[in-house]
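Trainee: Here it is, the structure in full.
In the working numbering, the protein residues as written are 192 to 340.
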């Protein structure tokens, strides 16, 4: 954990090597469609070229969160924030970074947040890790499927 102004900021970092090109991974990780097994409704289309400003609502059973795309540098990186739906303060920041390698693409997904209720960071981190791992699994599957067509 990172201490920031007396508050405990939690950091989660997930990394995956995907055996296909950066363009295919980028296309599979589109902010509007990369949802893993979760249902999504687009609330605001944002910029049609790079998705900046897009707002999506993601459903996981009866629970939902809203996320907003803050920046996009295709095919290398994207940042987003959580607008509502999770017990975190407004400093939630997610960063997805792609790096082309000789044998595929490295994907890094980093999230930083401060829990709304002190002491719950580890629990929230565990829940987010499971959810994001499912999204990364789908990104990998979709990117490889495009590769095999």
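Glycine is no exception: its CB is placed at the ideal position from the N, C-alpha and C atoms.
Taking the beta strand (DSSP E) that residue 292 falls in, what are its first and last residues?
Mentor: Where residue 292 is concerned, the enclosing beta strand (DSSP E) stretches over 284-292.
Trainee: Out of 320, 239, 333, 245, which has the shortest C-alpha to C-alpha gap to residue 206?
Mentor: For the residues 320, 239, 333, 245, the minimum Cα distance to residue 206 belongs to 320.
Trainee: Contact between the stretch 206-215 and the stretch 294-301 is defined here as three or more beta-carbon pairs at a separation below 8 angstroms; is this criterion met?
Mentor: Touching, yes.
Trainee: Have a look at the DSSP bridge pairing and note the partners of residue 214.
Mentor: DSSP output for residue 214 lists no bridge partner at all.
Trainee: Using 8 angstroms as the cut-off, can you tell me whether the stretch 266-284 makes contact with the stretch 305-315, which would need three or more C-beta pairs spanning the two stretches below that distance?
Mentor: Yes, they touch.
Trainee: In three-state DSSP terms, what is residue 295?
Mentor: Three-state result, residue 295: strand.
Trainee: For a minimum of 3 consecutive residues, which ranges assigned as the beta strand (DSSP E) are wholly contained in the stretch 235-291?
Mentor: Whole beta strand (DSSP E) segments, 3+ residues: 246-251, 254-264, 268-275.
Trainee: Quick check on the burial criterion: 16 or more other C-beta atoms within 10 angstroms. Buried or exposed for residue 267?
Mentor: Answer is exposed; the Cβ neighbour count stays below 16.
Trainee: How should residue 237 be labelled, buried or exposed, when 16 other C-beta atoms within 10 angstroms of its C-beta is the threshold for buried?
Mentor: Residue 237 is buried by the Cβ-count criterion.
Trainee: Residue 307 to residue 229, Cα distance in whole Å?
Mentor: For residue 307 and residue 229, the distance between alpha carbons rounds to 24 angstroms.
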